[in-house]
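Only one structure is covered here, and it is reproduced in the block below.
In our numbering, the protein residues as written are 5 to 91.
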């Protein structure tokens, strides 16, 4: 993994936690998450900026699209959750 995932802030980790949730519910790899839905729900702006600055995602007005390194980190988060539960 070329992008830096060391010492991500909790705000940045919240974006990966959201993506991991969707991965676990759907059983599918997650390539992007909604940045804002127009109904008051939105990703943390500082966390979104951090994942972009670290090369883990690109941002549009409404979406956070993970780079290959970001997608790999989502998988790492999912694996860590499974390991923590004894899977």
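Built from N, CA and C at the ideal position, the CB exists for glycine as well.
| query | result |
| --- | --- |
| Under the three-state DSSP convention, the category residue 56 falls into | helix |
| Cross-strand partners of residue 61 (DSSP beta bridge) | 70 |
| Neighbourhood of residue 18 by C-beta, 7 Å cutoff - its chain only, sequence neighbours within 5 removed | 48 and 51 |
| Delimiting residues of the beta strand (DSSP E) encompassing residue 38 | 36 to 38 |
| Beta bridge counterpart(s) of residue 46 as assigned by DSSP | 40 |
| Residue 71 versus residue 33: straight-line alpha-carbon distance, rounded | 13 Å |
| Residue 12, DSSP secondary structure in three states | coil |
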